[in-house]
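Counting from 5, one number per residue, gives the positions in the sequence shown under the working numbering.
Working notes, beginning with the structure itself.
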Amino acid sequence: MLFLLILALPAIGQVDVDCEPVVLQKIDSVINYLRVGQTDTYDPVEVFIYHFDGVSEYPVIDKLALPSREPVNRQNYLFYEPSFKVKYVLQEWDGNEFHDRSRTNYYYRPDRRLEREVFSRFDGSLWIPYQQHIYNYDDQNVIRTYLRQMMYTPGIWTDFSYKNYIYDTQGRLIERNEQRIADGVIFWADLFEYNEANMVDVRVRQTLKYNPQIRTYDLVNLERRRYSYNRYGNLESYLTDTWTNGSWVHAGKTRYFRSFILDKEIPICFRGRTMIVPVRVAVRLFHVGAVPGRCECLTDGQDDGNNVRSNGKRRNNGLTLYPNPASNSIRVIMPEGVSTYSDISLYDHNGTLVRRYPVGSQSDDLDISSLGAGTYYMVIIIAGEPLMASFIKVR
């Protein structure tokens with residue numbers, strides 16, 4: 005029964021085009037594991053528990069040591085609105101309770117791009133700023149650098165370093181590094197490689213190390229992360245390797261545990277049509293070719309479940325339902341040239357089958373008087389092909 009519903013959900017509402025990543029899952033926990041020797045066994049060493057409040061993705065994160073589950077610290081995030089972070093406070097566990105340790109305040113430009121981060125320590129009574137980052141953007145509003153300033157003397161900021169962001173011709177971040185202002189030396193760097201979906205596949209961290217043979221400092225490999233993603237584009241896990249005696253040695257892994265935000269409405273593309281549906285319904289559609297996001301936002305490599313681009317010709321199923329909204333009965337008019345149908349099924353907004361009607365003719369009045377008020381999805385099978393329509397039942 006679910007298969008029929010999956011093929012036939014309509015669009016709900018009209019919204020402006022938004023090609024931002026579609027969030028349909030939330031993080032529940034993240035566990036770090038250490039590899040036991042050169043075996044395939046891993047020991048869990050720490051877990052991060054995410055507390056979801058239904059608005060922001062991670063307002064509070066508790067870190068626990070494993071296997072004891074003793075608290076280590078708590079990360080508190082304050083969001084002005086979803087994805088608009090304004091404050092972060094780190095608290096440490098002393099064996100009895102959490103105590104404030106450090107804080108980060110975020111400041112934004114009028115166009116809502118991050119302008120400055122200010123870091124402070126808590127001395128038991130006062131927050132004392134000690135570091136800040138000032139972001140610089142190019143003409144396309146892409147971050148190119150940020151200036152790191154340190155406060156060695158109260159009230160006086162001293163330039164310390166620049167963090168540089170380097171992009172390839174496709175606009176992907178391929179390197180970020182930090183360069184001391186005093187001597188121009190780059191003392192660490194992150195290098196990025198991407199998979200076919202343009203998601204980070206590998207990140208290599210390099211650090212500055214003294215080379216006694218040439219009596220100078222060089223950037224050398226330190227750590228490598230190899231990332232894996234789930235079918236919804238969310239980070240699922242990564243493997244950690246360390247650079248040891250001139251080669252990479254696998255050392256551990258990290259796993260992300262997620263669950264669906266079932267009642268959240270998201271855009272999906274299916275059969276060349278953009279639909280706004282609850283996540284609980286979208287998950288079913290994904291099994292038959294739908295993809296997260298609006299059709300007009302798909303890349304050339306993505307299939308919308310119908311092999312038709314959003315700017316191509318879309319099929320009109322030709323079904324007519326009236327009146328809509330309806331109270332006691334609703335008339336179904338089949339597409340032109342169709343004389344009979346083999347089945348009509350009704351599903352509620354949760355995807356539950358609520359009624360099935362027997363075989364009928366080209367035009368039928370269906371009794372809906374016993375249905376509760378709300379939106380219903382009608383799936384009609386004609387020559388083995390599912391067609392869909394929706395209607396609103398009123399009292």
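Don't be surprised by glycine CBs; every beta carbon is placed ideally from N, CA and C.
Checklist line | As assigned by DSSP and simplified to three states, the class of Cys273 | finding: The answer is strand: DSSP assigns Cys273 an E or B state.
Check: Does DSSP put Glu74 in a helix, a strand or coil?
Finding: Looking at Glu74 - three-state DSSP - the assignment turns out to be coil, as it is neither helix nor strand.
Check: By how many angstroms is the C-alpha of Ile53 removed from the C-alpha of Thr162?
Finding: Looking at the two C-alpha atoms, the distance is approximately 37 Å.
Next item on the list: Report the rounded CA-to-CA distance for Thr258 versus Val90, giving the unit in angstroms.
Entry: Cα-Cα distance, rounded: 28 Å.
Note to self: Can you tell me whether Arg313 is helix, strand or coil according to DSSP?
What the structure shows: No answer about Arg313 holds up, because its pLDDT of 35 lies below 50 and its placement is not dependable.
Next item on the list: Kindly indicate the opening and closing residues of the alpha helix (DSSP H) around Phe290.
Entry: It spans 283-290 - the alpha helix (DSSP H) in which Phe290 sits, taken as one unbroken run.
Notebook entry, point to check: Relative to the alpha-carbon of Phe164, which residue among Leu151, Asn77, Thr157 has its alpha-carbon at the smallest distance?
Noted result: The shortest Cα separation from Phe164 among Leu151, Asn77, Thr157 belongs to Leu151.
Checklist line | Residues of its chain near Arg117, where Cβ-Cβ distance is below 8 Å and the 5 sequence neighbours each way are ignored | finding: Tyr139, Tyr141, Asn145, listed in sequence order.
Next item on the list: Rounded to whole angstroms, what's the CA-CA distance from Ala393 to Thr108? Just pull it up for me.
Entry: Rounded to whole angstroms, Ala393 to Thr108 spans 50 Å at the Cα level.
Checklist line | 7 Å CB neighbourhood of Asn202 in its chain, flanking five on each side removed | finding: These residues qualify, in order along the chain: Arg176.
Note to self: On a Cα-Cα basis, can you pick out the residue from Cys23, Leu28, Glu24 that is closest to Asp267?
What the structure shows: For the residues Cys23, Leu28, Glu24, the minimum Cα distance to Asp267 belongs to Leu28.
Next item on the list: State the beta-bridge partners of Asp47 as determined by DSSP.
Entry: Its beta-bridge partners are Leu38.
Item checked: Distance between Glu240 and Arg39 (C-alpha atoms, nearest Å) -> When the Cα atoms are used, Arg39 and Glu240 turn out to be separated by approximately 18 Å.
Next item on the list: State buried or exposed for Pro276, treating a residue as buried only when at least 16 other CB atoms are found within 10 Å of its CB.
Entry: Here residue 276 turns out to be Gly, not Pro, going by the sequence shown. Counting C-beta atoms within 10 angstroms of its own C-beta, Gly276 has 16 or more neighbours from the protein chains shown and is therefore classed as buried.
Notebook entry, point to check: Do you know whose CA, among Asp187, Ile132, Val398, lies nearest Pro329's CA?
Noted result: Minimum Cα distance to Pro329 is reached at Val398.
Check: Taking just the CA atoms, how far does Asn77 sit from Gln183?
Finding: Distance between the alpha carbons of Gln183 and Asn77: 31 Å.
Checklist line | Collapsed DSSP secondary structure at Glu300 in the structure displayed | finding: Judged by DSSP in its simplified three-state form, Glu300 adopts helix.
Item checked: Cβ pair Val285, Phe264 closer than 7 Å -> At the C-beta level, Val285 and Phe264 stay beyond 7 Å of one another.
Note to self: Classify Gly376: buried if its beta carbon has 16 or more other beta carbons within 10 angstroms, exposed otherwise.
What the structure shows: In summary, Gly376 is exposed, with fewer than 16 beta-carbon neighbours lying within 10 Å of its beta-carbon over all protein chains present.
Note to self: Once the 5 residues before and after Glu269 are set aside, which same chain residues still bring their CB inside 6 Å of it?
What the structure shows: So the qualifying residues of the chain are Ile280, Pro282.
Notebook entry, point to check: Can you name the residues that DSSP bridges to Ser106?
Noted result: The partner list for Ser106 (beta bridge, DSSP) reads Leu94, Arg125.
Checklist line | Rounded Cβ spacing between Ser33 and Val51 (contact assumed at less than 8 Å) | finding: In this structure Ser33 is in contact with Val51, their Cβ atoms being roughly 6 Å apart against a cut-off of 8 Å.
Item checked: Asp104 to Met154 span [Cα, whole Å] -> For Asp104 and Met154, the distance between alpha carbons rounds to 21 Å.
Notebook entry, point to check: Based on the DSSP output, what are the partners of Pro329 in its beta bridges?
Noted result: Pro329 is not bridged to any residue.
Check: For the beta strand (DSSP E) that contains His254, what are its first and last residues?
Finding: It spans 251-264 - the beta strand (DSSP E) in which His254 sits, taken as one unbroken run.
Item checked: Reference Asp115; option with closest CA among Ser106, Phe88, Gln135 -> Asp115 has its Cα closest to that of Phe88, out of Ser106, Phe88, Gln135.
Item checked: Cβ shell of Tyr156 (< 8 Å), same chain only, five flanking positions each side left out -> Same-chain partners within the cutoff: Thr162.
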